[in-house]
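S.K.: Numbering-wise (numbering that gives the first Met the number 0), the sequence shown opens with residue 0 and increments by one.
Just so you know, even glycine gets a beta-carbon here, dropped at the ideal spot from N, CA and C.
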Amino acid sequence: MVKGVQGMSGEDNFIENVLRAFKSIAREIEKGSSEYDTRYRFVKYLVEGALGHEPKHIRLEKKKADLTIVDENDFAVIKIETKRPTESIEKPQYEEQAFKYEEETTRFIGLTNFSQFKLWEIKKTGSELRLNLDFSKILEERKPIENLSSEEKSQILFLNNLTKETLFDPSKYEKFDETYARIDITKDVGFRKLLDRLNFIANNLLLGYTLRAFGEYKEGYSEYQDELKKLGEAPKNEKNNYSLAKYKQRIEEEYSKYRTFGGFYLWKSYSGKEQLSDNEVKEFFCKESIYILLNKVLFLRICEDKNFLEKNISNGGIEELREMLKKRFESGVINKELLELAFKSAKGLYAHFYETGILDWFRTGDGELNELLNRFLWILNQFDFTHVDRDILGNLYEKYLPSGERKRLGEFYTPTEVIDYILTSVGYTYSYDIETKDLLDPACGSGGFLVRASRRLISRYLMKFGKTDKKELRDPKNWKEIVNRLSSDEAEIILEAIRKHIYGLDINPFACHVAEMNVLFQVIDLYQKVKEKYPDYKLKRFKIYQTDSLELPRQKSVTDFGNHLKFLEEQEEVDAIKTKKFDFVVGNPPYVRQEEIGIEYKERTLRREYSNVFEGRADLYIFFIMRGLRWLKDKGNLSYITSNKFINANYGKKLRRFLVANVNINFIIDFGDIKIFKGARNYTCIISVSKIKKAYNTIKTILAKDEIAAIDKPLLYIYTKYRNSFYNDNYVQIFDVRQDDLSDDKWSLSSKELIKIKKKVDSVCGYKLKDLCDNFAGMRTGLNDAFIVDTNTIKTNRIEKDVYKKCLRGKDVKKYQTIFRDKYVLYTNGLDLNNYSNTKTFLSDFKSKLSSRAQFKQRADMQWYEIEQPVSSKIFEATKIITPSISDANNFTLDNDGYYCLDSCYIIVVKDKFKEKLNYHYLLGLLNSKLLEFYIKQISPFVRGRWYTYKKQYTDAFPIKLPDTSEEKKIADLIIKKVDEILEL
0 MVKGVQGMSG
10 EDNFIENVLR
20 AFKSIAREIE
30 KGSSEYDTRY
40 RFVKYLVEGA
50 LGHEPKHIRL
60 EKKKADLTIV
70 DENDFAVIKI
80 ETKRPTESIE
90 KPQYEEQAFK
100 YEEETTRFIG
110 LTNFSQFKLW
120 EIKKTGSELR
130 LNLDFSKILE
140 ERKPIENLSS
150 EEKSQILFLN
160 NLTKETLFDP
170 SKYEKFDETY
180 ARIDITKDVG
190 FRKLLDRLNF
200 IANNLLLGYT
210 LRAFGEYKEG
220 YSEYQDELKK
230 LGEAPKNEKN
240 NYSLAKYKQR
250 IEEEYSKYRT
260 FGGFYLWKSY
270 SGKEQLSDNE
280 VKEFFCKESI
290 YILLNKVLFL
300 RICEDKNFLE
310 KNISNGGIEE
320 LREMLKKRFE
330 SGVINKELLE
340 LAFKSAKGLY
350 AHFYETGILD
360 WFRTGDGELN
370 ELLNRFLWIL
380 NQFDFTHVDR
390 DILGNLYEKY
400 LPSGERKRLG
410 EFYTPTEVID
420 YILTSVGYTY
430 SYDIETKDLL
440 DPACGSGGFL
450 VRASRRLISR
460 YLMKFGKTDK
470 KELRDPKNWK
480 EIVNRLSSDE
490 AEIILEAIRK
500 HIYGLDINPF
510 ACHVAEMNVL
520 FQVIDLYQKV
530 KEKYPDYKLK
540 RFKIYQTDSL
550 ELPRQKSVTD
560 FGNHLKFLEE
570 QEEVDAIKTK
580 KFDFVVGNPP
590 YVRQEEIGIE
600 YKERTLRREY
610 SNVFEGRADL
620 YIFFIMRGLR
630 WLKDKGNLSY
640 ITSNKFINAN
650 YGKKLRRFLV
660 ANVNINFIID
670 FGDIKIFKGA
680 RNYTCIISVS
690 KIKKAYNTIK
700 TILAKDEIAA
710 IDKPLLYIYT
720 KYRNSFYNDN
730 YVQIFDVRQD
740 DLSDDKWSLS
750 SKELIKIKKK
760 VDSVCGYKLK
770 DLCDNFAGMR
780 TGLNDAFIVD
790 TNTIKTNRIE
800 KDVYKKCLRG
810 KDVKKYQTIF
820 RDKYVLYTNG
830 LDLNNYSNTK
840 TFLSDFKSKL
850 SSRAQFKQRA
860 DMQWYEIEQP
870 VSSKIFEATK
880 IITPSISDAN
890 NFTLDNDGYY
900 CLDSCYIIVV
910 KDKFKEKLNY
920 HYLLGLLNSK
930 LLEFYIKQIS
940 PFVRGRWYTY
950 KKQYTDAFPI
960 KLPDTSEEKK
970 IADLIIKKVD
980 EILEL
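Put into structure tokens, the structure is as follows:
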């Protein structure tokens, strides 16, 4: 703000600054500046200069008010319409235009041509003209301030209300009455404002605070634990037991603020982040904590506006309640205590949602937190939630916590199209009597399956009670009207059915909270209906629990839950769910790679509880499939969207055997590596099974093609083609597979015709490749940066000739040829490095990294400078056939040049006893044939872009025909001759 004149009063100073601003603007008008240019001077001299606003709070906009000034919460508080300096602002249409841009939070509307200035104050009762002056006339008359009329002074001084100092005055946060429910979120503009403000609260107000508090709480909790440890080590006897008890009491009181932080370590365990440092995960922890607070307060405000609860955190209650609390508490904790009181009141509505959990740790703060909570509540006070319904609330959650952010926080998103397809495929539709059936999602995440199942169960009752028909239900716009046809008693029956029959479990406490909130949002209209007749009705807890679904019930103590008693109290209910049987098990089980699963957990839980499908390299979803099957009732149905790798991977062998022998597989939709669902991972399939074993079961098999990714609703397309026993187009291939034809070795999901061809090939050929040849993976160095060099590196470092060898990677191997790309490997295994001083000097730069390799730490026989997983030089330097480990087609070649191959290659060497019978050129011709390319595509999983894996386990299965008859030998000779010609090119 421009400084005033020394000796003037504060009011005179302000008037002088305003007049000086308009004088500067008048000079611009005299120069003939346009409206656009003059507007910028108006901002510079008056808005920034005299009123003190910063550029970040000033918006110059097109198609809206010409000038908008926002407060520190980004609410538009001043709107000013500008006109050309030559245009009179007395025209009625200009005033109408200025008011057209009014928003719910607007306090002042201005209209100016930069000489004349009109300003209205917006009140609940309407608008009042507070300033109407022609500053050009005042400046022409050159009146000193003391000669201005009292009316002129009063009007100019009113601009004080528009200064940053006044508009940003924190005392406004004490006043809730004049700002209450100004913005209706059922309107698009109000909805967008709410989203914007929620993001502001989360990322601007609360994130910085919680990140700072994290360090303080962590240190305080550590000190608390140290004190308890000292106390535990103190000698216990009658003489000092009393003193120790008093000392413990003092510790508990002194560190009461920080004791809640113990939940952080429990959260790390549940979130699978135990291996990460506290600093690496603190932002995740703080964000989840913030979102839980936001959800609780948001739902509370909704319930207050709908009159489910007395008003405690909004107008009509907050100011009165705050005055009462001031008599009992210090000012630095008033808003915190007010919120705790409101949460306590909300327990009468839905108790579990407002219980204190491990992510509520920072609510024990004071001071800064108190101020932030006040501002948080004041901002929410602006919005009217009276008319929100389940669709608005669902949309609100999707937008203010978008899928990208949820995924970053560890919550995976399942597209609604997938959820609906799975629910329909298992028979969970309103056409069946699902009101008596139990459904479980054992990895419920944010509750997508639970929400859609709830909607279907509600729809089932709406039809059962005769309120609607299928045609009307298909139009979501009719939903609110249809629900209003229910009586209060009917609505209560539906609520209790959802609570009784729909179950969700998840290991992540944040995910469980969000799932519970989403289901609450789904039933808000039903709850409102029940309250019409039963105002004291309380909704009992939904059956959504935090637990490890894979752990079977076992005796636990409170220490297993980080001394959070709430989790122990829930254990009995969780154990009951774990022993219950369900009609439907659905979901999207977590895809956790076996490398990320702790060894102790593998042994304690997975090997012990799932020995019939356990493989050391199995990913976690394998055990979720098995657990889901155990949960099923006889004739129950399970359907998951999950990884497709179990179909062919070695680690899925036991599961495949179990499925074939014990259940009916209804269908498999294999999407391969096509990413057809936004946010979904690659290599997925949808599998559906029934807990029943019929003879001669036929599996409907759908193989998606790359082109299906271009279809807007791919699953709807598949659904329309599903009933075909055989179908093939540009998008899908559909065929039936007899379950009895599936082996536990690998599942060949192929049509009957292709299976016949494969069987015929197998029967004609007398050998498998593994019978005739040894098959090796290439070497794994453990640190390619150290061991793989080029000619320039060799020359620069004078690497000794005996050490470096020409090497190939998978991408260097093509059909019938190799491409040498100036890559050499330092093959140090078996060498005394002291005899190769230059190599030793070169590798010494990498010694720290080489010594930190896991293999080196685990193996006593390994030198720091050796390759991690070598292959014998004899194999590399012998005649051999090489293939890339992954490829889009058969790319085998012959190597007589002694290349050393990395682990992106596989090496095939004819066994000694077959070298006279099996010619390498003949074998190479077979391996590159269309027939064996067809064969591997029947048995090998594709990994990306329709590339297949050529690992030993798959190529070993190749059928090989050794020529016996004279006719067969002639054919073999022709193959050899052709291969010779190709190799000579």
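Which same chain residues, not among the five before or five after residue 73, have their C-beta less than 8 Å away from its C-beta?
M.R.: The residue given as residue 73 occupies position 74 in the sequence shown. Only 195, 196 and 199 meet the Cβ criterion.
S.K.: At what residues does the alpha helix (DSSP H) containing residue 988 begin and finish?
M.R.: Past the edges of the chain, shown from 0 to 984, lies residue 988, and the structure says nothing about it.
S.K.: Quick one: Cα of residue 705 to Cα of residue 659, how far?
M.R.: As a working mapping, residue 705 is identified with position 706 in the sequence shown. As a working mapping, residue 659 is identified with position 660 in the sequence shown. Put simply, the backbone Cα of residue 705 is about 29 Å away from that of residue 659.
S.K.: Among 829, 780, 807 and 824, which has the Cα closest to the Cα of residue 798?
M.R.: As a working mapping, residue 798 is identified with position 799 in the sequence shown. Residue 824 is the option with its Cα nearest to residue 798.
S.K.: Starting from residue 434, follow its DSSP beta bridges and name the residues at the other end.
M.R.: Here residue 434 corresponds to residue number 435 of the sequence shown, with the count starting at 1. Its beta-bridge partners do not exist; DSSP assigns none.
S.K.: So who's on the other strand from residue 737, going by DSSP bridges?
M.R.: Along the sequence shown, read from residue 1 onward, the residue named residue 737 stands at position 738. In the DSSP output, where bridge partners are listed per residue, residue 737 has 697.
S.K.: CB residue 605 to CB residue 624, shorter than 8 Å?
M.R.: Indexing the sequence shown from 1 puts residue 605 at position 606. Indexing the sequence shown from 1 puts residue 624 at position 625. For residue 605 and residue 624, no; Cβs fall outside 8 Å.
S.K.: Spatial neighbours of residue 97 within its chain, please: CB distance less than 6 Å, with the 5 preceding and 5 following residues excluded, ordered by chain position.
M.R.: Stepping through the sequence shown from its first residue, residue 97 is reached at position 98. Around residue 97: 80, 108 and 110.
S.K.: Pick from 193, 304, 952 and 584: whose alpha carbon is nearest that of residue 769?
M.R.: Numbered from its first residue, the sequence shown carries residue 769 at position 770. Per the Cα distances, 952.
S.K.: Comparing C-alpha positions only, which one of 66, 742, 725 and 741 sits nearest to residue 735?
M.R.: Residue mapping note: residue 735 aligns to position 736 of the sequence shown, counting from 1. Minimum Cα distance to residue 735 is reached at 725.
S.K.: Name, in chain order, the residues that DSSP records as bridge partners for residue 350.
M.R.: For the purposes of this step, residue 350 is identified with residue 351 of the sequence shown, where counting begins at 1. Answer is none; residue 350 lacks a bridge partner.
S.K.: Look up residue 774 in the DSSP assignment and give the residues it is bridged to.
M.R.: Residue numbering aside, residue 774 sits at position 775 when the sequence shown is read from its first letter. Bridge partners of residue 774: 907.
S.K.: Using a Cβ-Cβ cut-off of 6 Å (strictly less than) and excluding sequence neighbours within five positions of residue 879, which residues of its own chain qualify?
M.R.: For the purposes of this step, residue 879 is taken as the residue at position 880 of the sequence shown. Correct list, in chain order: 894, 906 and 908.
S.K.: Can you give me the C-alpha to C-alpha distance between residue 13 and residue 151, rounded to a whole angstrom?
M.R.: Against the sequence shown, residue 13 aligns to sequence position 14. Against the sequence shown, residue 151 aligns to sequence position 152. C-alpha separation (whole angstroms): 13 Å.
S.K.: Who are the Cβ neighbours of residue 472 in its own chain at under 8 Å, not counting the five residues just before and after it?
M.R.: Here the question's residue 472 lines up with position 473 in the sequence shown. Result list for residue 472: 429, 458, 461, 462 and 481, in chain order.
S.K.: Would you identify the three-state DSSP class for residue 600, choosing helix, strand or coil?
M.R.: One-based indexing of the sequence shown puts residue 600 at position 601. Reduced to three states, the DSSP call for residue 600 is helix.
S.K.: If you draw a straight line from the alpha carbon of residue 239 to that of residue 71, how long is it in whole angstroms?
M.R.: As a working mapping, residue 239 is identified with position 240 in the sequence shown. As a working mapping, residue 71 is identified with position 72 in the sequence shown. Each residue's alpha carbon lies about 57 Å from the other.
S.K.: Identify every residue that forms a DSSP beta bridge with residue 684.
M.R.: As a working mapping, residue 684 is identified with position 685 in the sequence shown. Beta-bridge pairing links residue 684 to 641 and 669.
S.K.: Is the number of C-beta pairs between the region 175-187 and the region 380-387 that are closer than 8 Å three or more?
M.R.: Result yes; three or more Cβ-Cβ pairs closer than 8 Å.
S.K.: Could you tell me which whole beta strand (DSSP E) segments of length 3 or greater appear in the region 864-934?
M.R.: 879-883, 892-894 and 904-909
S.K.: Less than 8 Å between the C-beta atoms of residue 440 and residue 448, yes or no?
M.R.: What you label residue 440 is simply residue 441 of the sequence shown in a count that begins at 1. What you label residue 448 is simply residue 449 of the sequence shown in a count that begins at 1. Going by C-beta atoms, residue 440 is nearer than 8 Å to residue 448.
S.K.: Hey, is the region 532-552 in contact with the region 315-327, meaning 3+ C-beta pairs nearer than 8 Å?
M.R.: The region 532-552 vs the region 315-327: no contact.
S.K.: If you follow the beta strand (DSSP E) that residue 545 is in, where does it begin and where does it stop?
M.R.: For the purposes of this step, residue 545 is identified with residue 546 of the sequence shown, where counting begins at 1. Its beta strand (DSSP E) spans residues 542-545.
S.K.: With contact counted as at least three CB pairs below 8 Å, one residue from each stretch, are the region 832-841 and the region 814-822 in contact?
M.R.: Result no; under three Cβ-Cβ pairs closer than 8 Å.
S.K.: Quick one: give me the first and last residue of the beta strand (DSSP E) that residue 948 is part of.
M.R.: Residue numbering aside, residue 948 sits at position 949 when the sequence shown is read from its first letter. Element bounds for residue 948: 946-948.
S.K.: Can you look up residue 979 in the DSSP assignment and give me helix, strand or coil?
M.R.: What you label residue 979 is simply residue 980 of the sequence shown in a count that begins at 1. Three-state DSSP puts residue 979 in a helix.
S.K.: Indicate whether residue 348 and residue 282 have their beta-carbon atoms separated by less than 8 Å.
M.R.: Within the sequence shown, numbered from 1, the residue matching residue 348 stands at position 349. Within the sequence shown, numbered from 1, the residue matching residue 282 stands at position 283. 8 Å or more divides the Cβ of residue 348 from the Cβ of residue 282.
S.K.: So residue 777 and residue 900 are supposed to be a Cβ contact under 8 Å. How far apart are they, rounded?
M.R.: The residue labelled residue 777 in the question sits at position 778 within the sequence shown. The residue labelled residue 900 in the question sits at position 901 within the sequence shown. The pair is a contact, with the Cβ atoms about 4 Å apart (cut-off 8 Å).
S.K.: In whole angstroms, what separates the C-alpha of residue 807 from that of residue 746?
M.R.: In the sequence shown, counting from the first residue as 1, residue 807 sits at position 808. In the sequence shown, counting from the first residue as 1, residue 746 sits at position 747. The alpha-carbon atoms of residue 807 and residue 746 are separated by roughly 32 Å.
S.K.: Please report the straight-line C-alpha distance between residue 492 and residue 157, rounded to a whole angstrom.
M.R.: Locating residue 492 in the sequence shown gives position 493, where the first residue counts as 1. Locating residue 157 in the sequence shown gives position 158, where the first residue counts as 1. Straight-line Cα distance between these residues: approximately 59 Å.
S.K.: Might you give, ordered along the chain, the residues of its own chain that have their beta carbon closer than 6 Å to the beta carbon of residue 647, omitting 5 neighbours on each side?
M.R.: For this step, residue 647 is matched to residue 648 along the sequence shown. Contacts found: 745 and 940.
S.K.: For the candidate residues 215, 643 and 639, whose alpha-carbon lies nearest to that of residue 688?
M.R.: Taking the first residue of the sequence shown as position 1, residue 688 is located at position 689. When each option's Cα is compared against that of residue 688, the closest is 639.
S.K.: Assign residue 75 to one of three DSSP states: helix, strand, or coil.
M.R.: Mapped onto the sequence shown, residue 75 falls at position 76. Strand at residue 75.
S.K.: Check this for me: beta carbons of residue 455 and residue 421, under 8 Å apart or not?
M.R.: Reading the sequence shown from its first residue, position 456 is the one you call residue 455. Reading the sequence shown from its first residue, position 422 is the one you call residue 421. It is not a contact, given that the beta carbons lie outside the stated cut-off.
S.K.: Determine whether the beta carbon atoms of residue 514 and residue 524 lie at a separation below 8 Å.
M.R.: Against the sequence shown, residue 514 aligns to sequence position 515. Against the sequence shown, residue 524 aligns to sequence position 525. Judged by their CB atoms, residue 514 and residue 524 are not nearer to each other than the 8 Å cut-off.
S.K.: Between which two residues does the beta strand (DSSP E) harbouring residue 805 extend?
M.R.: Sequence index remark: in the sequence shown, residue 805 carries index 806 (1-based). Residue 805 -> beta strand (DSSP E) spans 803-807.
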